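Chemist:
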Amino acid sequence: MCFPFDAQPPIAPVAGAAIDTEDVTLTSADGTRFAAFAARSEKPSDVGMVVLPDVRGLFRFYEELATRFAEAGINSVAYDYFGRTAGVGKRGEEFPFMEHVAQTKQDQIAADTRAAVEFLRSPRGGSCTSMFTVGFCFGGSNSWNQAAAGHGLKGVIGFYGRPGSGRDGSPGPIPSSNARSWP
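Sequential numbering from 23 applies to the sequence shown in the working numbering.
1. Taking the C-alpha atoms as reference points, what is the distance between Gly-114 and Glu-86?
2. What residue from Gly-53, Ala-57, Gly-111 has the CA that sits closest to Val-73's CA?
3. By Cβ distance below 6 Å, which residues in the same chain neighbour Gly-70 in space, the five residues on each side in sequence not counted?
4. Here's a check: name, in chain order, each residue in its chain whose Cβ is nearer than 6 Å to the Cβ of Gln-130, leaving out the five neighbours to either side.
5. Would DSSP call Asp-76 helix, strand or coil?
6. For a quick check, are the C-beta atoms of Ala-51 and Val-99 less than 8 Å apart?
7. Which residue's Cα is closest to the Cα of Thr-107: Ala-132, Phe-91, Gly-79, Thr-89?
8. Whole beta strand (DSSP E) runs in the region 94 to 176 with 3 or more residues, listed along the chain?
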């Protein structure tokens, strides 16, 4: 949370980029529905990016970041962690995110990430074949943890995540690094 709620990622110079964005509802393997935001490039590469937000979950900054990836030719989807505890829907700055962060579990985040990866691999998501995750803060740790989740990722990128054990007591990126299949 190193930026205000209404911040936006920088806009790179774009010449003629065409993208398509939409709010989507994804479904995890356990049947949980959760909100996501998809951004598809008119001329995408085979690369797909799952954007894992900070502790505040999905909001405009991460929707705009997904859009920036699409502008660069990378289909992307950013998703919300709180479908199990707060339902599907847009959340404002006043959302009590920490109450919901405390209820997250690594296996559920992995299942939701799998649903996002499957979406990007589908025709609707862009038929991506080279998958990556990128996350920030809470999402940085979650991104690193996806290396062990069996999603077939080509890379995991985390910015200022927590490297130790997870909030739910699960092993974090460093304690379990020897057991991981790092991309």
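Glycine residues also receive a C-beta, built at the ideal position from the N, C-alpha and C atoms.
For clarity, every value in this text was computed on a predicted model and none was experimentally measured.
Modeler: From the atom records:
1. 15 Å
2. Distance check between Val-73 and each of Gly-53, Ala-57, Gly-111 places Ala-57 closest, using alpha-carbon atoms only.
3. Asn-97, Leu-142, Cys-150, Met-153
4. Excluding sequence neighbours, Gln-130 sits near nothing in its chain.
5. Of the three classes helix, strand and coil, the one that applies to Asp-76 here is coil, per DSSP.
6. no
7. Gly-79
8. 97 to 101, 152 to 158
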